[in-house]
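Before any comments, here is the structure.
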Amino acid sequence: MKLKTALSAAITLAGVTAGGQALAADPMCGANTGEAASGDPILVGGIHGNAAPGDFSAATDAAKAYFDCVNANGGINGRPIEYIIENDQWNPELAAQAAAKLVNDTDTVALVANGSFIEMAVNAGTYAEADIMVMASACAISECFESSNIVSTNQGPLPSNLGAVMYAREELGAENIACIGLNIPNNGIWSCEAAINYMEENGGTGSMALINPGAPDVNSALLEAVSSGADTILINQPAGLALAILKAAEEQDLRDAFNWIAPTPLYDLSIPDQVGEYWHGDVYVNAELAPFQVNGPDAQNWIAVMDAYARPEDPRDTFAQAGYLSAKFFTEMMLEMDPADVDDRAKVADAIRAIKGKTSDLMCGPYYVGDADFHMPNHAGYMVKIIEGGYEIVRDCYEYDSSYFDPHLKLEAEMGLQ
Amino acid sequence: MTRLLRVTPSGAAGLAFAAFAFLAIPLLAGKLWLSVFTSTACFAMACSGVAFMYARLGMVSLTQVGLMGVGGWVMLRLNHAYALPFEINLIVAGLVTMVFGWLLALPALRLRGLYLALVTLMAAGGLEIIFATFQFPNGGEGFWGVKTGSAGAFRRPALAQSAEAYFRYTVALVTAGFLLIEFHRRLKPGRAWALIRRSEAAAMSAGVNVTLYKTWAFGIAGLLAGVSGAMLAGSLGLLDDATFRASESIMLFALAVVGGARYWLGVVIAATLYRILPALLNNWGVDADLSFVIFGAGLLHAVITAPDGIAGQLGDLLRRVVRRPSKDTPEDRPKDAPA
């Protein structure tokens, strides 16, 4: 993902323009005063995982761009946000060290836009103990959604898989899915199992083929999926490995033998070119946040912020959208707080828990946090199809149908959000 | 008995260093560095096992980090399966890994040098595949104890709930591990190992039970690896297969050679290079992979100019500095001697 070139930005611009709406000329951030913030910085942290087999830094890149924009536009009551980013490198020891540095050794008031396969599992206890809230954006493991102090703007693989499988069953006639996941219990197995359970609850069946993230052998996993008797293959992988699987399938000319579906990591503007013409029109992807052609005011502002404050090579994908949204909701919350309290971690944590009913055209439903041992505000999305030069929306915002969301729906009802 | 308990200058320095680490580091270090130092201490204990096998018996074991994984696996499995105290789990993890070390020793009994290294490397490769395939226990049912979704809670020792106390707990155990090796070196096993190192045939002719003492050495290395892996599991609350790849065992052995396998300081230097150097580079915003370049340069340095490693060179330097004032000061030198 990191290797996305400036081309993706150019394609984004072209796509947005093609949508027939004018680009937001100037980004709108925070108080939007146009004056640079000064004085004592407010410390905010962020942890991402960037090492083999995947780069999950898109969200922190986007959050950094947004905070830079906020700092150029009045900051938080005139004070700048100092955004400190650490990389866990997919290593539990480094993940613990990153949290120790940001949470224990630094007076950060919150962590924003975290994205990782590792750090939430290692650090969920640290966050709860320090009572610091994490407004994550690129969560991929169960601890991210089943902990008291972590809330993520993205959905993670479980809901996104459910959305993809639900669409495949209802629209593509899928009866037997093979889920190619990472052999990580709280990621690949967790999310593949949910997809298989959904199929079994609806009269179908499913199986999983697992890839060792340390030594990924995509051919073996693909052959295992093919031999399972499935009619639909769910590529539940980070973008790099998903592309490798599609390449291996193309070499064996497997396109027409299966339905090909994937969760959100395959929603990225560089993907249609990378998969090539062979796959155009045949890969269906669940998008956790709004596809680019929806192009509402927030989507335009996100692009404007990225163009003005991010590096050209920073990804413009779902996780970047999620990073932007987390940073935006955090900033709005901080601006609503008493200026005397914005350095107080406990008060900031309480204010984050009190967030509810935030809306954006990038999300299908409202964003909220609440005081609970689980958080998953985003559980509805879009379904798109990879076509030449981009994506075509094949299903607009839809809620995923699973008993997994019962506690979340109950919490939303209690908070008056339904 | 007197000989057993005699404290050498090097030993005194080692104990002073351990006391400093125990008392001062938790007061001076922030949580980030405390976390780094705890990992470093765990790997120092594992490294002491591989260094002692190399220095005392001339045996190259390339499974040590894999054995740490075995200890960590047992610790996590017991933690999630039973409500036993941490210490019981720790002892069982150490003993199970010791038995694992013995099993590993069986094919190694007739092997030396390159062939022994290859056998242990293959064992490390096998462990890597097992860890990657079955993952580490996280509170699930069955033998492997892996469940989908979020991991269960980990219980740290009652004495060491905080990061500071856990670091002290680790330092105390590492010191005990070093002393275990030193006591063995001073007793009958140490004499047997010294003979085996020179010549197995000579050792046999002198009545040494070579099989017993080689197996014994593997057991001690396994015990130390198991305890260190269990302590690492306690530090993080979970483990990941990437930590225990075969390449990590090779790296740990190579760094033991760089640091100086014969000395406690060499082991500390090896663990420092292994865990503190990458953390420093990370903290400075430099790619931690640069440490591999430094390790390579260090290994070349050790192979070409310092067979006793950095610790050996430091010892030589210290001896020269200490001796010079009494022998070579101008006041002591005869007046007609050349300057």
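Here the protein sequences come in this chain order: A and B. Okay, so the first sequence: first residue is 120 according to our numbering, each after it adds one. Okay, so the second sequence: first residue is 23 according to our numbering, each after it adds one. By construction, the Cβ of each residue, glycine as well, lies at the ideal position given by its N, Cα and C atoms. Keep in mind the model is a prediction, meaning the values are calculated, not measured.
By the C-beta density criterion, A:D174 is buried, having at least 16 other C-beta atoms within 10 angstroms. A:G333 belongs to the set of residues whose beta carbon lies under 9 Å from a beta carbon in chain B.
Contact between the segment 169 to 184 of chain A and the segment 429 to 447 of chain A is present, with at least three C-beta pairs closer than 8 Å.
A:H527 carries a helical assignment under DSSP once its states are collapsed to helix, strand and coil. Within chain A, the residues P304, I308 have their CB atoms less than 9 Å from the CB of B:V168, given in chain order. Against chain B, a Cβ distance below 7 Å from A:D174 picks out nothing, because the smallest value is about 14 Å. The Cβ-Cβ distance between B:A268 and B:M75 does not fall below 9 Å. Chain order gives the chain A residues near B:A301 as Q216, where near means a beta carbon separation below 7 Å.
Annotation: B:L274 to B:G318 spans about 12 Å, alpha carbon to alpha carbon. By DSSP's assignment, A:N414 forms no beta bridge with any residue. DSSP, reduced to helix, strand and coil, places B:L131 outside both helices and strands of the structure shown, so it counts as coil. Residue pairing of A:I354 in beta bridges, as defined by DSSP: A:I299. Against chain A, a Cβ distance below 8 Å from B:R267 picks out G333. With 16 or more other Cβ atoms from the protein chains shown falling within 10 Å of its own Cβ, B:E150 counts as buried.
Distance from the CA of A:E407 to the CA of A:I512, rounded to the nearest whole angstrom, comes to 13 Å.
Under a 10 Å Cβ-count criterion, B:L26 is classified as exposed, with fewer than 16 other Cβ atoms of the shown protein chains found around its own Cβ. Residue state for B:Y137 is assigned as helix, using DSSP reduced to three classes. In the structure shown, A:R514 falls within a strand segment according to DSSP collapsed to helix, strand and coil.
Secondary-structure assignment with DSSP links A:C483 through no beta bridge to anything.
Counting only unbroken stretches of 3 or more residues, no beta strand (DSSP E) element lies wholly within the segment 225 to 284 of chain B.
The beta carbon of B:D263 is closer than 6 Å to those of F153, A154 in its chain, skipping five residues each way along the sequence.
Contact annotation for B:Q157 against chain A: N302, I303, P304 [CB-CB distance below 8 Å, chain order].
The CB of A:A257 never comes closer than 9 Å to any CB in chain B; the least such distance is about 18 Å. Here the alpha carbons of A:A249 and A:G484 stand approximately 30 Å from one another. For A:D224, the nearest CB of chain B lies under 9 Å from its own CB, placing it at the interface with that chain. Taking 9 Å as the cut-off, the Cβ atoms of B:A127 and B:K210 do not count as close. Between A:R464 and A:H498, the alpha-carbon positions lie close to 28 Å from each other. Look at the segment 52 to 70 of chain B: the residues with a C-beta under 8 Å from a C-beta of chain A are G52, K53, L54, L56, S57, V58, S61. Assignment of B:I203 by DSSP, reduced to helix, strand and coil, places it in the helix class.
Interface criterion not met: the Cβ of B:G88 is under 9 Å from no Cβ in chain A. In terms of Cβ geometry, A:N192 and A:E154 form a close pair [threshold 9 Å]. Against chain A, the CB of B:S250 has no partner CB under 9 Å away; the residue lies outside that interface.
Residue B:R207 holds the alpha-carbon nearest to the alpha-carbon of B:R28 among B:D338, B:R207, B:V290, B:A293. B:L295 places its beta carbon 9 Å or farther from that of B:V308. Taking all protein chains in view, the Cβ of B:G93 is crowded by 16 or more other Cβ atoms within 10 Å, so the residue is classified as buried. Using a CB distance cut-off of 9 Å, A:S279 does not count as an interface residue toward chain B.
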